[in-house]
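In this note's numbering, the protein residues as written are 146 to 463.
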């Protein structure tokens with residue numbers, strides 16, 4: 146078996162290099178092959194993953210050694226292939242990793258040990274998970290619009306300038322974001338599923354809102370939790386939408402949104418539920434204020450749908 150470690154040289158720090166040396170030493174003792182590929186440009190991780198998947202299929206595992214941006218790229222390269230993805234959370238936010246490893250306090254060393262990579266005694270389960278298709282691209286974690294995209298953008302700038310802050314940069318970014326206007330407008334036509342399991346349409350043109358998150362997983366933006374009960378393999382997406390609110394209305398919502406308790410039962414401004422797809426488009430033809438897996442986009446229109454069991458993912462063996 147080939148284990149292809151795709152490394153983002155920007156993500157992570159010296160501790161990753163020390164772990165790599167341990168893993169390399171362990172692989173010298175076993176028959177499996179360790180290959181290290183370093184990304185050189187935007188989209189490179191996707192291409193590397195796709196090339197190995199096409200050549201080796203299920204005879205290789207792509208090991209992501211980076212943050213959510215690298216996970217996003219590799220998921221796009223491996224979608225609808227037999228090649229599984231293993232995630233070592235060496236990035237800044239590591240929000241998708243929080244979901245699959247069941248903790249907001251991610252420790253990359255613990256993950257390496259849990260997979261047995263440091264000893265060569267590898268142990269993991271491979272299970273299929275869903276993806277979100279949006280305009281032909283794939284989203285593994287969360288697609289969001291409005292305030293949270295602004296927070297994501299500011300947080301990334303802060304994290305780049307003050308690296309020791311890590312994911313706390315996104316919490317700090319909330320302050321300048323909420324001091325500006327938090328009212329945005331979009332049009333949406335969503336294919337929802339009621340609590341009774343029956344499908345229904347939710348269409349508003351235009352909608353005044355502050356944020357909208359469409360979730361395959363649970364966490365984004367450094368640990369905010371719009372979908373605490375999301376399931377990665379059920380063929381259903383969770384959504385969380387906040388009406389247009391002012392600063393005083395938003396302040397009590399922020400800790401709830403971080404804790405995963407902001408919903409239509411705890412706040413009159415929140416709407417939560419389930420969907421399988423839909424269409425979101427700009428009210429004036431300009432680019433939407435949106436992002437997928439922390440990667441900003443400016444499409445004037447987004448058509449999206451859930452793709453059930455579109456990616457094979459490595460989970461820690463229980």
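Ideal Cβ placement from N, Cα and C applies to all residues, glycine included.
- Taking the C-beta atoms as reference points, residue 241 is found no nearer than 7 Å to residue 253.
- Residue environment: residue 321 is assigned as exposed (fewer than 16 neighbouring CB atoms within 10 Å of its CB, all protein chains considered).
- Around the CB of residue 364, 16 or more other CB atoms lie within 10 Å, so the residue is classed as buried.
- Secondary structure of residue 260 (DSSP, three-state): coil.
- Counting C-beta atoms within 10 angstroms of its own C-beta, residue 200 has fewer than 16 neighbours from the protein chains shown and is therefore classed as exposed.
- Under DSSP, residue 428 takes part in no beta bridge, so it has no partner.
- Annotation: residue 239 is outside any alpha helix (DSSP H) and is labelled neither H nor E by DSSP.
- For residue 172, same chain residues with a beta-carbon under 7 Å away, outside a window of 5 residues either side, are 179, 265 in chain order.
- Between residue 194 and residue 233, the CB-CB gap reaches or exceeds 7 Å.
- Inter-segment contact for the region 374-382 and the region 438-456 is present: three or more beta-carbon pairs are separated by less than 8 Å.
- Looking at the DSSP output, residue 352 sits in a beta bridge with 331.
- Here the region 334-346 lies against the region 408-427, with 3 or more beta-carbon pairs under 8 Å apart.
- Taking each of 175, 162, 218 in turn and checking the Cα distance to residue 187, the smallest one comes out for 218.
- Residue nearest to residue 198 within the set 456, 462, 463 is 456 (criterion: CA-CA distance).
- Beyond the five residues adjoining it in sequence on each side, residue 424 comes within less than 6 Å, by CB distance, of 334, 448 in the same chain, given in chain order.
- Here residue 385 really is in contact with residue 372; their C-beta atoms are around 6 Å apart, less than 8 Å.
- If you draw a straight line from the Cα of residue 277 to the Cα of residue 306, it comes to about 31 Å.
- The Cβ atoms of residue 328 and residue 407 lie no closer than 7 Å to each other.
- Nearest neighbour of residue 366 by Cα position, chosen from 351, 227, 399, turns out to be 399.
- Within the region 332-415, the complete alpha helix (DSSP H) runs of at least 4 residues fall at 392-395, 398-404.
- Around the CB of residue 393, fewer than 16 other CB atoms lie within 10 Å, so the residue is classed as exposed.
- Counted as a single uninterrupted DSSP element, the alpha helix (DSSP H) harbouring residue 217 occupies residues 213-223.
- Between the region 432-440 and the region 283-299 there are three or more inter-stretch CB-CB distances shorter than 8 Å, so the stretches are counted as touching.
- For residue 360, the closest alpha carbon among the candidates 258, 396, 259, 244 is that of 244.
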